[in-house]
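Heads up, the thing below is written out as structure tokens.
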Amino acid sequence: MHMHMPRFEVPEALVMEILCKLPVKSLVRFNCVCKYWCSSFQTPCFISKHYPNNLKNNSLNPVLQRFDGNANIPYFSQLSFEVAIWNPSTREFKILPPSSVQRPTYPGLTCDFVNFDCGAFEFDSKTDDYKFIRFVTLSFVDSECETPSGNGMSQVELYSLKCDSWKEIPSPNYRPFDIYLRNTPYEKKLILSFDMANEKFWVSPIPEFVGFYPQNDILEVLVFNGSLGVIAYTVERTDTSFDLWVMNGEVWTKQFSIEPIPGVVRQLGFWKNGEMFLLNTNYEVVLFDPSTQELKVLGINTYLDHHREYVSLFFFYVESLIPINGIQEHKSHIIRQLIKDASNKY
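Below you can see the structure in the form of structure tokens.
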């Protein structure tokens with residue numbers, strides 16, 4: 113005689129509550145379980161619950177920017193010339209529509225070159241929208257003799273994912289060109305910031321502590337735990353030390369100093385819990401934990417990159433199911449590299 117265990121059904125609301133705590137990759141696999149799950153994963157309610165869970169768990173995923181010397185183009189390496197946005201979690205990407213912003217015209221001059229640079233992509237919690245900002249530089253030549261006019265023009269464009277359109281916003285009197293600060297008395301620099309919610313620029317003066325460092329030191333502007341920061345270090349040494357300064361309100365304070373780390377040539381950026389991505393003398397990406405003094409080799413080798421100076425930690429992303437109304441990335445375009453686990457303390 114066979115005994116049948118009673119069948120218990122888990123309430124669907126509880127199932128959805130459990131599923132919204134899982135990584136995106138798991139949810140993508142679960143799309144084939146049933147049609148109800150597949151459609152539920154695409155609802156605004158489920159997506160809005162899922163994203164904060166990943167954010168609360170500090171699930172930041174780094175993406176490196178590298179440079180292909182053969183093709184002479186930059187590419188992204190995730191731990192994976194049209195403008196596109198990309199969701200690394202769902203592998204969906206969307207080519208943005210051409211800008212509808214009107215270009216200025218001048219009598220007797222012809223625009224011969226348009227350059228797009230200094231772009232940034234951020235979430236605007238005020239309007240629940242994702243926005244992309246970029247600077248546009250226009251160069252003009254004389255219409256008759258085709259010689260450069262010597263006059264350039266700058267515009268700033270803002271793209272809204274919700275509206276799927278571009279618009280022009282007032283351009284500041286300053287133009288960004290670098291993320292590095294130099295201790296040069298003959299050159300005045302400012303830190304230019306942009307508020308995605310209010311869609312306004314503002315400038316901050318260069319911190320006074322910049323003058324304390326030698327001219328050959330690198331002072332790089334970055335974000336540390338959501339605050340504006342500057343990290344100072346010396347390049348082209350095998351025992352590089354680091355100083356991190358963070359702006360609290362309107363005051364700059366030194367967050368911490370890291371003594372020289374043998375075998376490290378430069379920093380790439382900060383991860384969660386203050387851990388640092390570094391590049392060592394073997395051109396490997398390593399992870400340093402200041403609290404434990406542990407240095408972990410991640411198995412990401414850049415020695416084959418033709419321009420190793422272009423290797424940088426481009427951004428972090430939190431896994432999300434948010435649709436961008438694009439198309440799926442072709443699997444043949446994804447290059448996967450096994451990561452070996454090796455660590456040591458210095």
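One gets the numbering used here by counting positions in the sequence shown from 1 and adding 112 to each.
Idealized CB from N, CA, C, for every residue including glycine.
These numbers were taken from a predicted model, which means no experiment stands behind them.
With burial defined as no fewer than 16 other Cβ atoms inside 10 Å of the residue's Cβ, what is the status of residue i: buried or exposed?
i, result
"K238", "exposed"
"P200", "buried"
"L390", "buried"
"I412", "buried"
"W383", "buried"
"V226", "exposed"
"V248", "buried"
"C132", "buried"
"T365", "exposed"
"F306", "buried"
"V124", "Sequence check: residue 124 is Glu here, not Val. Result: exposed."
"A130", "Before going on, a small fix: residue 130 reads as Ile here, not Ala. Per the 10 Å Cβ criterion, exposed."
"E362", "exposed"
Assuming the contact rule is C-beta atoms closer than 8 Å, residue i and residue j should be a hit. Round their C-beta distance to whole Å, please.
i, j, result
"Y345", "Q379", "6 Å"
"I303", "I318", "7 Å"
"S266", "S277", "Wrong, their Cβ atoms sit about 21 Å apart, outside the cutoff."
"F336", "V315", "Rounded, the Cβ-Cβ distance is 20 Å, inconsistent with contact."
"F205", "I439", "7 Å"
According to DSSP, is residue i part of a helix, a strand, or is it coil?
i, result
"Q395", "This sequence places Tyr at residue 395; Gln is not what is there. Looking at Y395 - three-state DSSP - the assignment turns out to be coil, as it is neither helix nor strand."
"A344", "strand"
"N437", "coil"
"F153", "coil"
"R246", "strand"
"S255", "coil"
"V136", "helix"
"P496", "For the chain, the structure presents residues 113 to 458; residue 496 sits outside this window and is missing."
"R378", "strand"
"V335", "strand"
"M128", "helix"
"L326", "Checking the sequence shown, residue 326 turns out to be Pro, not Leu. Coil at P326, not helix or strand."
"S266", "strand"
"G361", "coil"
"C144", "helix"
"K408", "strand"
"P164", "helix"
Kindly list the residues whose CB is nearer than 8 Å to the CB of residue i, restricted to its own chain and excluding five residues on each side of it in sequence; keep chain order.
i, result
"Q154", "L433, P435"
"V398", "V376, F389, L390, L391, N392, L407, K408, V409, L410"
"N360", "S339"
Enumerate in chain order the residues of its own chain whose CB-to-CB distance from residue i is below 6 Å, with the five nearest sequence positions on each side excluded.
i, result
"T222", "V253, S255"
"C150", "N143"
"F233", "F244"
"A309", "D236, K238"
Please return the same chain residues whose Cβ sits closer than 7 Å to the Cβ of residue i, not counting the five positions on each side in sequence.
i, result
"Y292", "I330, L331, E332"
"E387", "L399, F400, D401"
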